[in-house]
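Asker: Residue numbers (the working numbering), protein chains in the order written: chain A, 1 to 345; chain R, 1001 to 1345; chain L, 2001 to 2345.
Yeah, the Cβ is synthetic: ideal placement off N, Cα and C, and Gly gets one too.
Would you mind keeping the following structure in view while I ask a few things?
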Amino acid sequence: MTVNLAELARRFQGKVRGDADVVIEGVASLQTAGPRDIAYISDRKYLSQLAGTKAGAVILAETDVAHYSGSALIVANPHLCFAQVADLLHPTPGFRPGVHPTAVVSTAAKVAATAWIGPHAVVEADAMIGEGVYIGAGCYVGAHAMIGSKTRLVAHVVIGERCVAGNDCLFHPGAVIGSDGFGFAKDGEQWQKVPQLGRVVIGDKVEVGANTTVDRGALNDTVIGDGVKLDNQIQIAHNVRIGENTAIAACVGIAGSTIIGKRCTLGGQAGVTGHLEIVDDVHVTAGSLVTSSITQPGVYSSSLKAEPVEKWRRNAARLHHLDEIVQRLAKLEERLQQHFEEQKN
Amino acid sequence: MTVNLAELARRFQGKVRGDADVVIEGVASLQTAGPRDIAYISDRKYLSQLAGTKAGAVILAETDVAHYSGSALIVANPHLCFAQVADLLHPTPGFRPGVHPTAVVSTAAKVAATAWIGPHAVVEADAMIGEGVYIGAGCYVGAHAMIGSKTRLVAHVVIGERCVAGNDCLFHPGAVIGSDGFGFAKDGEQWQKVPQLGRVVIGDKVEVGANTTVDRGALNDTVIGDGVKLDNQIQIAHNVRIGENTAIAACVGIAGSTIIGKRCTLGGQAGVTGHLEIVDDVHVTAGSLVTSSITQPGVYSSSLKAEPVEKWRRNAARLHHLDEIVQRLAKLEERLQQHFEEQKN
Amino acid sequence: MTVNLAELARRFQGKVRGDADVVIEGVASLQTAGPRDIAYISDRKYLSQLAGTKAGAVILAETDVAHYSGSALIVANPHLCFAQVADLLHPTPGFRPGVHPTAVVSTAAKVAATAWIGPHAVVEADAMIGEGVYIGAGCYVGAHAMIGSKTRLVAHVVIGERCVAGNDCLFHPGAVIGSDGFGFAKDGEQWQKVPQLGRVVIGDKVEVGANTTVDRGALNDTVIGDGVKLDNQIQIAHNVRIGENTAIAACVGIAGSTIIGKRCTLGGQAGVTGHLEIVDDVHVTAGSLVTSSITQPGVYSSSLKAEPVEKWRRNAARLHHLDEIVQRLAKLEERLQQHFEEQKN
């Protein structure tokens, strides 16, 4: 697709500074852009790169315009505008609907005529595949599962039986939706499996990263709200509920029955233990462990920063005696207080 | 399946209180149960929900019977009984034995006549597939691998060559058994791969979660004992040995050659470094890191709890100077001691 | 393959002590080796096992020769020599080139005549598969992807469109190369996806573990240098660059745009936040979190060691008040100083 700068300004509520007729065919970074690319400033620390860019135009905030002499698209939120322009110029490739001859689709499945079922995909009985859905190579859709319209399973995705994915979702390779929750009852020394009978219900506009796993509920469902974004290698346990537009970075684990609010963000490798409630607008930093419910919005952390190992080991060794250390401090305070009082008398 | 309460009491060593003829068809939670469902109290904090439940019957401990007026199945361990009833009423669906026409099964594989090999599954030469085994869609069973009777590979499971799975195991999608261990020798600046020649040997009644990985041993085998339960996204390195009935929560990593005892539990995201020995009956809390052998049963932890970030950052910054802080304390103690002694003289 | 000890000494620059004609057919551990196996001492703490071994020969360092009376291959680096001998005696099995009849290979893909495309593999249009490449069962190679010569995809590997793997690489099952980076712009309460237009470019002699994920770059590429070794379940985010011969243990996560130097090692479950630079020859201990750039080679850590939970909880509770504790200490220092000064006057 080809547009000029004026057209981009019209579509995305921006102003043109410079040549409104410059033709744009793609997006690129400041350093790699050519005369038919549009670039943007992702961080003000890169303002110095503006001087050397060969981009046909740059998306800028009003406040940064003075730093650049070329053609510019001036908008309130350059990052968002860049995302929208990129989406316009580099759309997800279309596909011809149909069923690949190597796909195994149950005659009892309901597949929209506008959907694509790729090579070696399997769609079981009573599954429903919506309009414009793309089921990539080697995906598995279990019995009675439902995939909403325009949802895309890139390749090697597993959607377990009876699980539901909404419209406009994107599932990356290796994502597993609807594996059994980890539920066992102690029976002497052994574990008796508790059958996992619930589903996973995923809303609209959800993205699920590569090799992320979402377990089905034990009795009720595991629920992922509209607009939730899950990065790679995340583990969501049974009966978790995640509120709308929450974004979770890679390698996070959320234990069973925990409820996460709306518009939260969890940093990479964060963990949340089970049966907690976290309100809306909570942000957890990378590597932190949440072990009790959070009732106030805000940023929470238990991250520790790596430092040179000799220094760290001395400090960590002290931490393992911190209680005794504080008792020494308290004793000292007491003795000194006593000493002062003796002197006063 | 349909049973009455009397029959459940007979099967699971319980007592009926109320209507022994009430017909039960399924299990459900207290809130969603209907008149043909049986529910239970998972935690005594939910006792108040008993009043409003529409369940046909409730599984209760003797001590809680007074809180409920309806029909009840009274047992010693309601959680275990619930698991058993759920298993009775909602068994894993059966299957017709056979080989799907799209499966690729070596003529040199030995597949029991009662097994099922699903669509797009691959079974290599000299693999042995036992009685009643279910190999789901897209699974891969390598050459000389052995799958014990009634074991179930849900879908997209990889069992590497020569690896062994026992009877009555359950493997969830994306599990990889028998990838190479991470073994390299330094050769100048480069790494020389050490061929990984061992197997993975998995006992009976083992459950392996979605996207969990178990590496084959370098020379000897990696061994997973009977009754071990592995949640999703766990990494077990080469030559690890895990004792019977140990349960490991999601996202745990266990480094090479470590030996874990029987009946242990590891919380989610816990880590265990290599070449350690952990005795039986050790429990590690979520997010903890075990870096030396554990010789006594008990609960071990190094978890830190997330708190509001401004508060945490102040405390964490102090931790990075804890050694100096303790030296200040020691100096203070010494000065005060000296001062007292001077005064005494 | 069968060699005698003299031949091994010749190939790997060693010296024979004892019977140079002893025939060696395989490698094994000291305990399991038989008369036609060669073993080695992986750690000097196992020196005592030398007495009981039935190995035909043992690979030893000069310094350890006195501990063993049998035939020995004496070399400078026994671990490296063992890896080389193992590779010689237990080579990766060869394969007959060709395309399995169930594979789906685009007529527009370029597949070398010496390559193997396994059952249910998919190779899309304009993909290039080099000489001697092994594409295992159920692998997916996207459009315009390039796989260098002698590279091996064991099974169930996904290489996304346009991604590049070099020569002599090894990809384990469930590895996903080229999933979308986690890039979103805030649009009110919702997230607008930023199209991920870059590639993953992987050098030569790279090993990628089971279920490891490497995201494609947003605009530019994610780059994995020659000789990099990635263990299982690692997450590499978009635009990360990893220098040559760096080795990363399992479950590590590296956030977006971070640059890791050459010859680094990251311990299991370590994390590195985004937009950092880590110089060459940096080593990070297991479970540590790197949150700022590292400019000096060395070992870095923020690992905490699990201890008995009652003890840990007392210490951790104190940590959550450490700032106040240090303030108490400072106040005490001040009061004592004041006291001493008063006394002097």
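Run down chain L in chain order and give the residues with a C-beta less than 8 Å from the C-beta of Glu-1307 (chain R).
Answerer: Neighbours of Glu-1307 (chain R) on chain L, chain order: His-2320.
Asker: Opposite Phe-1184 (chain R) in the DSSP bridges: which residues?
Answerer: DSSP, once it has assigned bridges, lists R:Lys-1193 as partnering Phe-1184 (chain R).
Asker: Answer yes or no: does any C-beta atom of chain A fall closer than 9 Å to that of Val-2158 (chain L)?
Answerer: Yes, because at least one Cβ of chain A sits closer than 9 Å to the Cβ of Val-2158 (chain L).
Asker: Between the C-alpha atoms of His-1283 (chain R) and Gly-2160 (chain L), what's the straight-line distance to the nearest angstrom?
Answerer: His-1283 (chain R) and Gly-2160 (chain L): Cα-Cα distance of roughly 41 Å.
Asker: For Asn-2211 (chain L), would you say it is in contact with chain R, using Cβ-to-Cβ distances shorter than 9 Å as the test?
Answerer: It does: the Cβ of Asn-2211 (chain L) has a partner Cβ on chain R nearer than 9 Å.
Asker: Could you list which residues in chain L have their beta carbon closer than 9 Å to that of Arg-263 (chain A), in chain order?
Answerer: Within chain L, the residues near Arg-263 (chain A) are Glu-2189.
Asker: Cutting at 6 Å between CB atoms, please list the residues of its own chain near Ala-2210 (chain L), excluding the five before and the five after it.
Answerer: Correct list, in chain order: His-2172, Pro-2173, Gly-2174 and Asn-2232.
Asker: What's the call for Lys-344 (chain A), buried or exposed, on a 16-neighbour Cβ count within 10 Å?
Answerer: It counts as exposed.
Asker: Could you name the residues that DSSP lists as bridge partners for Arg-1152 (chain R)?
Answerer: Answer is R:Tyr-1134 and R:Leu-1170.
Asker: Closest by CA to Gly-1052 (chain R), which one among R:Gly-1034, R:Ser-1042, R:Lys-1205 and R:Ala-1061?
Answerer: Here the closest residue by C-alpha is R:Gly-1034.
Asker: Report the partner residues of Gln-1235 (chain R) according to the DSSP bridge assignment.
Answerer: BP columns for Gln-1235 (chain R) point to R:Thr-1213 and R:Gly-1253.
Asker: Considering only the beta carbon of each residue, do Ala-237 (chain A) and Ile-260 (chain A) sit closer than 9 Å?
Answerer: No, the Cβ-Cβ distance between Ala-237 (chain A) and Ile-260 (chain A) is not below 9 Å.
Asker: In chain A, which residues lie less than 7 Å from His-1079 (chain R) when you measure between Cβ atoms?
Answerer: Ordered by position in chain A, the residues that pass the 7 Å Cβ test against His-1079 (chain R) are Ala-185.
Asker: Am I right that Leu-219 (chain A) and Ser-1288 (chain R) are in contact with their C-beta atoms under 8 Å? What's the rounded C-beta distance?
Answerer: No, Leu-219 (chain A) and Ser-1288 (chain R) are not in contact; Cβ-Cβ is about 30 Å, not under 8 Å.
Asker: Measuring only between beta-carbons, confirm whether Asp-64 (chain A) sits less than 9 Å from chain L.
Answerer: Asp-64 (chain A) does not count as touching chain L.
Asker: Who does Met-2128 (chain L) pair with in a DSSP beta bridge?
Answerer: Paired residues: L:Lys-2110 and L:Met-2146.
Asker: Any Cβ of chain R within less than 9 Å of the Cβ of Cys-2163 (chain L)?
Answerer: Cys-2163 (chain L) does not count as touching chain R.
Asker: Tell me which same chain residues have a C-beta within less than 6 Å of the C-beta of Val-154 (chain A), skipping the five on either side of it?
Answerer: Counting only Cβ-Cβ distances below 6 Å, and skipping sequence neighbours, we find Gly-136, His-172 and Pro-173.
Asker: Taking the alpha carbon of Asp-2187 (chain L) as the reference point, which residue from A:Trp-116, A:Phe-12 and A:Thr-92 has its own alpha carbon closest?
Answerer: When only C-alpha atoms are compared, the closest one is A:Phe-12.
Asker: Got a sec, what are the start and stop residues for the beta strand (DSSP E) Lys-1344 (chain R) sits in?
Answerer: Not the beta strand (DSSP E): Lys-1344 (chain R) falls in the alpha helix (DSSP H), residues 1322–1344.
Asker: Looking only at C-alpha atoms, which of R:Ser-1292, R:Glu-1207, R:Ala-1185 and R:Asp-1180 sits nearest to Trp-191 (chain A)?
Answerer: That would be R:Glu-1207, whose Cα lies nearest to the Cα of Trp-191 (chain A).
Asker: Determine the contact status of Ser-257 (chain A) and Thr-213 (chain A), defining contact as a CB-CB distance below 9 Å.
Answerer: The answer is no: Cβ separation not under 9 Å.
Asker: Look at the alpha carbon of Ala-1317 (chain R) and the alpha carbon of Pro-97 (chain A), and state the distance between them as a whole number of angstroms.
Answerer: Roughly 58 Å between the two C-alpha positions.
Asker: Just to check my reading of the structure: Pro-2119 (chain L) and Thr-2102 (chain L) have Cβ atoms closer than 8 Å, yes? What is that Cβ distance to the nearest angstrom?
Answerer: Right, their Cβ atoms sit about 5 Å apart.
Asker: Quick one: list the residues of chain L neighbouring Asp-231 (chain A), beta-carbon separation under 7 Å, in chain order.
Answerer: Per Cβ cutoff of 7 Å: Phe-2182.
Asker: Counting only Cβ pairs nearer than 8 Å, list the residues of chain R close to Glu-2333 (chain L).
Answerer: Within chain R, the residues near Glu-2333 (chain L) are Arg-1328 and Leu-1332.
Asker: Check Gly-2052 (chain L) in the structure and name its three-state DSSP category.
Answerer: Of the three classes helix, strand and coil, the one that applies to Gly-2052 (chain L) here is helix, per DSSP.
Asker: At 7 Å on the CB atoms, spell out the chain D contacts of Gly-268 (chain A), in chain order.
Answerer: This model lacks chain D altogether, as its protein chains are A, R and L.
Asker: Return helix, strand or coil for His-1079 (chain R), following the three-state DSSP convention.
Answerer: Of the three classes helix, strand and coil, the one that applies to His-1079 (chain R) here is helix, per DSSP.
Asker: Can you tell me the Cβ-Cβ gap for Ala-113 (chain A) and Asp-126 (chain A), rounded? I've got them flagged as a contact below 8 Å.
Answerer: Their Cβ separation, rounded to whole angstroms, is 18 Å, which puts Ala-113 (chain A) and Asp-126 (chain A) out of contact at 8 Å.
Asker: Who does Ile-1224 (chain R) pair with in a DSSP beta bridge?
Answerer: Looking at the DSSP assignment, Ile-1224 (chain R) forms a beta bridge with R:Ile-1202 and R:Ile-1242.
Asker: Note the first and the last residue of the continuous alpha helix (DSSP H) segment covering Val-1309 (chain R).
Answerer: Its alpha helix (DSSP H) spans residues 1309–1319.
Asker: Put Ala-1037 (chain R) into one of helix, strand or coil per three-state DSSP.
Answerer: According to the sequence displayed, residue 1037 (chain R) carries Asp and not Ala. In the structure shown, Asp-1037 (chain R) sits in a strand (DSSP, three-state: E or B).
Asker: Give me the DSSP bridge partner(s) of Gly-2298 (chain L).
Answerer: L:Val-2282.
Asker: Are the beta-carbon atoms of Ile-1129 (chain R) and Val-1123 (chain R) separated by less than 9 Å?
Answerer: For Ile-1129 (chain R) and Val-1123 (chain R), yes; Cβs fall inside 9 Å.
Asker: Any idea which residues DSSP pairs Val-2164 (chain L) with across the strands?
Answerer: For Val-2164 (chain L), which the question treats as bridged, DSSP gives the partners L:Met-2146 and L:Val-2201.
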